[in-house]
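Participant: Quick one: this structure, given as structure tokens, is what I'll be asking you about.
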Amino acid sequence: MPVPSEEKAKAITPVPVKEIPASEERPRQDKSYNPGSIEKKWQDKWEADQLYRSVIDHSKQKYYALTMLPYPSGDLHIGHWYAMTPSDARARYMRMKGYNVLFPMGFDAFGLPAENAAIKDGIHPMKRTFQNIARMRTQMRSMGAMFDWEREAVSADPAYYKWTEWFFIQLYKAGLAYRKMSAVDWCPNCNTTLAREQVWGDDRHCERCGTPVIKKDLDQWFFKSTKYADELLNFDGIDWPQTVKTLQTNWIDRSEGAEVQFSVVSDQSPVISVFTTRPDTLWGATFMVFSPEHPLVEKITTPENKQAVEDYKAQAARQTEIQRGAMDKEKTGVFTGAYAINPVNQERIPIWIADYVMMSYGTGAIMAVPAHDERDFAFAKKYDLPIIPVIQPEGQSEADGTTMEAAFIGSGVMVNSGMLNGTKVNTEKGRKNPSIAAVLDWLGEKGIGRESVNYRYRDWLISRQRYWGAPIPMVKCEIHGWNPVPDDQLPVLLPEDVEWRPTGESPLKLHPTWKHTTCPVCGGAAIRETDTMDTFMCSSWYHLRYLSPKYDLGPFDPAEYDYWMPVDTYTGGIEHATMHLLYTRFFHKALRDAGIVKGNEPMTQLRNQGMVLGEDGDKMSKSKGNVIAPDILVNKYGADSVRAYIMFFARWEMGAPWDSQGIEGAVRWVKRVWTLFTDSPTDSVTDSRMGTDEVRKNLRRKVHQTLRKVTRDFENFEFNTIISSLMELMNEMYKAREAGAAGSDEWKEALEIYVKMMAPVTPHIAEELWAYLGKPYSVHTQLWPAVDEAATKEDSIELPVQINGKVRDRIVVPAEATEDEIKSAALASAGVIKFLEGKEVRKVIVAKGRLVSIVI
RNA sequence: GCCGGAGUGGCGGAAUUGGCAGACGCGCACGACUCAAAAUCGUGUUCCCAACGGGAAUGAGGGUUCAAUUCCCUCCUUCGGCACCA
8 MPVPSEEKAK AITPVPVKEI PASEERPRQD KSYNPGSIEK KWQDKWEADQ LYRSVIDHSK
68 QKYYALTMLP YPSGDLHIGH WYAMTPSDAR ARYMRMKGYN VLFPMGFDAF GLPAENAAIK
128 DGIHPMKRTF QNIARMRTQM RSMGAMFDWE REAVSADPAY YKWTEWFFIQ LYKAGLAYRK
188 MSAVDWCPNC NTTLAREQVW GDDRHCERCG TPVIKKDLDQ WFFKSTKYAD ELLNFDGIDW
248 PQTVKTLQTN WIDRSEGAEV QFSVVSDQSP VISVFTTRPD TLWGATFMVF SPEHPLVEKI
308 TTPENKQAVE DYKAQAARQT EIQRGAMDKE KTGVFTGAYA INPVNQERIP IWIADYVMMS
368 YGTGAIMAVP AHDERDFAFA KKYDLPIIPV IQPEGQSEAD GTTMEAAFIG SGVMVNSGML
428 NGTKVNTEKG RKNPSIAAVL DWLGEKGIGR ESVNYRYRDW LISRQRYWGA PIPMVKCEIH
488 GWNPVPDDQL PVLLPEDVEW RPTGESPLKL HPTWKHTTCP VCGGAAIRET DTMDTFMCSS
548 WYHLRYLSPK YDLGPFDPAE YDYWMPVDTY TGGIEHATMH LLYTRFFHKA LRDAGIVKGN
608 EPMTQLRNQG MVLGEDGDKM SKSKGNVIAP DILVNKYGAD SVRAYIMFFA RWEMGAPWDS
668 QGIEGAVRWV KRVWTLFTDS PTDSVTDSRM GTDEVRKNLR RKVHQTLRKV TRDFENFEFN
728 TIISSLMELM NEMYKAREAG AAGSDEWKEA LEIYVKMMAP VTPHIAEELW AYLGKPYSVH
788 TQLWPAVDEA ATKEDSIELP VQINGKVRDR IVVPAEATED EIKSAALASA GVIKFLEGKE
848 VRKVIVAKGR LVSIVI
């Protein structure tokens, strides 16, 4: 007989505040699970109650959980869910552990896509961006995350970018921002410059749009991030994944060596520095090679070589634009006609130019030691330059440069090197190599060179020739040069009436009036900087703006800073290893030195999630049509099921292709939990055959074992096994209920702990079931249950018995059985006796609680 | 070339310290319910030998060990990063 729908609704309406006495009989509940209404109901209530508002509470330990903020593309992608849901679950877990948790969200709202779209359809980037944000906010609410929306920060909001500008000025004042004319990477599609980090791959393409970049000589703003290179290599005190640390270390690529001065034989005798990691091979330097772009080349080239050098330079310049080609490309170069003096032995050595020497690394010039460097060897062979071995394996007769077939890079002793002959050479780098140490000391004494460190890491190029970014708050006066905009004139606001002509120049430059201003020094006419900042500047400090997004006296409220910082756990994709994650560390250190923030690192713990791929195993993209839309899934299954599946279907840090069928498993789990609770057969037949004591004990054991496992997995970010463990426990609970345990205290405890364990994963259904159990609102303010270790202990254990490594039988022994007891039980078991017949037992190994291994 | 990650059933994945390989789930098969289907529930599901019983198996090959997905060596595949870096 169907129950009238109104009564059904009444039956499940939770009683939020008043606890129903356990004895009171609840009406039988058979309404099916309806995520749509449950989720809406609780989301509204949580919001109305400000359940996730985090405020400073000095009586509690704080926990700042941060997940990377999205760009407001307009639609929340399944990738966002994949990044945010487990982070949310863990933040919720930490909250239940008793921490005062801050879990904010915001938008990285400046950037190219909105501007490119504006060029196409004329919709203002501001309008589009804030529309997109509104839409994504709604989508994020459907996720049921515990974001504290009172702390939301949007980088394109003038109240935000005022401080982005202010930070630029602070770095400028600290001497960390400078302007430089140089050949910078330019994306012809995005019509802007790019930082070195934003140029990817063999073909050096734009990280954003994939277009191969070109070089352009431009006057641009840089941050002196290289000043912090050494400190950025130090990861002491932070718990970051080894992969990220390795990527950053390789990116910075510190190399130790020496800078050595060579003088050029000419009228002015200019001195040229070279960087080498092998100063111990100095005596073998038989020529020098300059990069074709080296400024000195023009000066030193002799008239008779002029034409050849000019031709080569022109050719190299053309090639730079395409690419200087593969490593195995044949070496080319031309002689400049000039000579330098090798300072260690006064030998006159020729100076060549070749495109295998890069202007951007070291000093743009090298000493060439063909005997001990493969590239120099190849070059010397091709152009018939002298090869003088200065290191050879110990005890070997002297090598002959003319007959060498390859550069020698092994260990040995120094030869042909004057007073340092006989010094041992190994393959270590820097001072760990005795030969290098000896030469460094010798160079220092003689004043020819000095110990030096070189990095591949470059200063951060900040300028972007685009409109939709934070203006660079600098003004140029004919008389007083560049000066920062005074603080009381911040923010420099973006004008709204701009034209979107893609010209390669900032639209701000084309605005008729915006750039005209007055000089902060003399009050005379001056011009604003019309470039805007790289958006990585905005995201380098958003974790600080979250602390007090409405604060007006500074970028953040110091009281909030002191309580919440540093970020305890930061989660996000690994693709930012050498970009955002490196910038934000640099930024923090620079601000620390400016006295604005404290501590050496902004984020104590970092964890990376992997990527959700399309069902075809490819990266999701609109063009491939393999994009999974979370909204559709939420409508179909409910947010809780989507959350559960996202946490279940892959190892979080690995990611995996999406599987539309696989989600059914998570959906079934959620439904079966619902049924387990709401279809509670408190009136079911008690099983008289079974020892109910045992059933209850087993139930309680499983509950606490699961709790222990789930707790550990939350700590370790192992989200997929949290769900498996909960599934397993649910299966056990069904069996226990079948066995008649559903009226017991153990059963009630199981239900309660189960809801609490679910709460971080599936917050809505957990809240609903919590209310259904008659518990006081809210499950999300409950404390995480404690494991009863005694309850997890097994009475008896089953041990496999191996004979020569193969399982032959299983024995059941009391948990506290001694080794001897286990041994004799194993030897007495039927399956073992059969195999032992006529054989001699050589050894019996008892691995307590694991197995018995018999060797015959 | 260098640096790092990964390789386990049809699929996603699990496996405290070296201790029963394949938890949990998807899929599939069979059964129950149904007029039927869906949903739901139950049972089974690494492979091979017909079975009883065995045997093989965690990318390949070797090693250490009573015992290896786990430790060591060589190699292969794949993903990511860097790359004429002096």
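Take any residue in the first sequence, count from 1 to its spot, add 7: that is its number in the working numbering.
A virtual CB, placed ideally from N, CA and C, is assigned to each residue, including glycine.
1. Please give the ranges of any alpha helix (DSSP H) in the stretch 184-255, keeping only runs that are unbroken, at least 4 residues long and fully inside the region.
2. Just confirm the distance between the C-beta atoms of R679 and M737, as a whole number of angstroms; I'd bet it's less than 8 angstroms.
3. Any contact between the stretch 219-227 and the stretch 242-252? By contact I mean 3 or more CB pairs, one from each, below 8 angstroms.
4. Verify whether the separation of the beta carbon atoms of Q612 and W659 is less than 8 angstroms.
5. Would you mind sorting D647 into buried or exposed? The rule is 16 or more other CB atoms within 10 Å of its CB.
6. Kindly indicate which three-state DSSP category G43 falls into: helix, strand or coil?
7. Roughly how many angstroms separate the alpha carbons of L58 and E157, rounded to a whole number?
8. Can you name, in chain order, every residue of its own chain whose Cβ lies under 8 angstroms from the Cβ of T309, other than the five neighbours on each side?
9. Starting from S270, follow the alpha helix (DSSP H) in both directions and report where the run begins and ends.
10. In this structure, does DSSP put F808 in helix, strand or coil?
11. Rounded to whole angstroms, what is the Cα-Cα separation between G454 and Q353?
12. Could you tell me how far apart the beta carbons of W290 and V397 are, in whole angstroms, since I believe they sit closer than 8 angstroms?
13. Terminal residues of the continuous beta strand (DSSP E) containing F342?
14. Starting from V853, follow the beta strand (DSSP E) in both directions and report where the run begins and ends.
15. Sort P299, T410 and Y167 by Cα distance to S546 and report the nearest one.
16. Does H711 pass the burial test, meaning 16 or more other C-beta atoms within 10 Å, or should it be called exposed?
17. Output yes or no for whether 8 angstroms exceeds the beta carbon distance between P111 and F174.
18. Between the beta-carbon of V432 and the beta-carbon of N440, is there less than 8 angstroms?
19. In its own chain, which residues sit with a C-beta less than 6 angstroms from the C-beta of V819, not counting the 5 before and 5 after it?
20. Would you check if there are 3 or more beta carbon pairs closer than 8 angstroms linking the stretch 625-637 to the stretch 578-586?
21. Could you pull the DSSP bridge partners for A533 from this structure?
22. Could you have a look at W258 and say whether DSSP puts it in helix, strand or coil?
23. Keeping to the same chain, check which residues put their C-beta closer than 6 angstroms to that of S886; ignore five residues upstream and five downstream.
24. Would you say L620 and P573 are within 8 angstroms of each other, going by their C-beta atoms?
25. For V634, does the three-state DSSP call read helix, strand or coil?
26. Return the chain-ordered list of same chain residues with a C-beta closer than 7 angstroms to the C-beta of F543, the five sequence neighbours on each side being excluded.
27. Out of curiosity, what's the CA-to-CA distance linking F282 and P120?
28. Would you tell me roughly how many angstroms separate the C-alpha atoms of S280 and P219, rounded to the nearest one?
29. Look at the alpha carbon of R97 and the alpha carbon of V762, and state the distance between them as a whole number of angstroms.
30. In three-state DSSP terms, what is I63?
31. Is W489 helix, strand or coil by DSSP?
32. Residue range of the beta strand (DSSP E) that A663 falls in?
33. How far does the beta strand (DSSP E) with M618 in it extend, from its first residue to its last?
34. Would you identify the three-state DSSP class for E458, choosing helix, strand or coil?
35. So is T825 buried or exposed if we call it buried at 16+ other beta carbons inside 10 Å?
36. What residue range is occupied by the uninterrupted beta strand (DSSP E) comprising F415?
Facilitator: On the basis of the coordinates in this document:
1. 236-239
2. As a first step, residue 679 is located in the first sequence; it is residue number 672 there, counting from the start. As a first step, residue 737 is located in the first sequence; it is residue number 730 there, counting from the start. 6 angstroms between Cβ atoms; contact.
3. no
4. As a working note, residue 612 is residue 605 in the first sequence. As a working note, residue 659 is residue 652 in the first sequence. Not closer than 8 angstroms, so no.
5. Stepping through the first sequence from its first residue, residue 647 is reached at position 640. So D647 counts as buried.
6. Your numbering for residue 43 matches position 36 in the first sequence. G43 falls in the helix class under three-state DSSP.
7. What you label residue 58 is simply residue 51 of the first sequence in a count that begins at 1. What you label residue 157 is simply residue 150 of the first sequence in a count that begins at 1. The straight-line gap from Cα to Cα measures roughly 12 angstroms.
8. The residue you call residue 309 lines up with position 302 of the first sequence. So the qualifying residues of the chain are T343, G344 and A345.
9. Position 263 of the first sequence holds residue 270. Where S270 is concerned, there is no enclosing alpha helix (DSSP H), although the beta strand (DSSP E) it sits in stretches over R261 to V272.
10. Translated into positions along the first sequence, residue 808 becomes position 801. Reading the sequence as shown, one finds Val at residue 808 and not Phe. Three-state DSSP puts V808 in a strand.
11. Here the question's residue 454 lines up with position 447 in the first sequence. Here the question's residue 353 lines up with position 346 in the first sequence. Taking the straight line joining both Cα atoms gives about 14 angstroms.
12. Translated into positions along the first sequence, residue 290 becomes position 283. Translated into positions along the first sequence, residue 397 becomes position 390. That belief holds up - the Cβ atoms of W290 and V397 are roughly 5 angstroms apart, short of 8 angstroms.
13. Stepping through the first sequence from its first residue, residue 342 is reached at position 335. From DSSP, the beta strand (DSSP E) with F342 extends over G340 to N349.
14. Residue 853 sits at position 846 when you count from the first residue of the first sequence. Here the beta strand (DSSP E) through V853 covers K850 to A854.
15. Here residue 546 corresponds to residue number 539 of the first sequence, with the count starting at 1. The candidate whose alpha carbon is nearest that of S546 is Y167.
16. Against the first sequence, residue 711 aligns to sequence position 704. Buried, since its Cβ has 16 or more Cβ neighbours within 10 Å.
17. Taking the first sequence and counting its residues from 1, the one referred to as residue 111 is at position 104. Taking the first sequence and counting its residues from 1, the one referred to as residue 174 is at position 167. Against a cut-off of 8 angstroms, the Cβ pair of F174 and P111 comes out as no contact.
18. Numbered from its first residue, the first sequence carries residue 432 at position 425. Numbered from its first residue, the first sequence carries residue 440 at position 433. Contact flag set, yes.
19. The count along the first sequence starts at 1 and reaches residue 819 at position 812. Once the five neighbours on either side are set aside, the close Cβ partners of V819 are S803 and E805.
20. no
21. Here residue 533 refers to the residue found at position 526 of the first sequence. In the DSSP output, where bridge partners are listed per residue, A533 has C484 and T524.
22. Against the first sequence, residue 258 aligns to sequence position 251. DSSP places W258 in helix when its eight states are reduced to three.
23. Not covered by the structure: residue 886. The range shown for the chain is 8 to 863.
24. On the first sequence, position 613 is the one that residue 620 refers to. On the first sequence, position 566 is the one that residue 573 refers to. Taking 8 angstroms as the Cβ cut-off, L620 and P573 do not qualify as a contacting pair.
25. Counting from 1 along the first sequence, the entry for residue 634 is found at position 627. Correct three-state label for V634: coil.
26. Translated into positions along the first sequence, residue 543 becomes position 536. Excluding positions up to five away in sequence, the list reads M586, H587 and Y590.
27. As a position in the first sequence, residue 282 is number 275, starting the count at 1. As a position in the first sequence, residue 120 is number 113, starting the count at 1. Going by the C-alpha atoms only, they are around 42 angstroms apart.
28. For the purposes of this step, residue 280 is taken as the residue at position 273 of the first sequence. For the purposes of this step, residue 219 is taken as the residue at position 212 of the first sequence. Cα to Cα, S280 sits roughly 33 angstroms from P219.
29. The residue given as residue 97 occupies position 90 in the first sequence. The residue given as residue 762 occupies position 755 in the first sequence. Their backbone Cα atoms lie some 16 angstroms apart in a straight line.
30. Start at 1 with the first residue of the first sequence, and residue 63 comes out as number 56. Coil.
31. The count along the first sequence starts at 1 and reaches residue 489 at position 482. The answer is strand: DSSP assigns W489 an E or B state.
32. In the first sequence, residue 663 corresponds to position 656, counting from 1. From DSSP, the beta strand (DSSP E) with A663 extends over G662 to P664.
33. For this step, residue 618 is matched to residue 611 along the first sequence. It spans M618 to L620 - the beta strand (DSSP E) in which M618 sits, taken as one unbroken run.
34. Numbered from 1 along the first sequence, position 451 holds the residue referred to as residue 458. Residue state, collapsed to three classes: strand.
35. In the first sequence, residue 825 corresponds to position 818, counting from 1. It counts as exposed.
36. As a working mapping, residue 415 is identified with position 408 in the first sequence. Unbroken run through F415: none, as it is neither H nor E.
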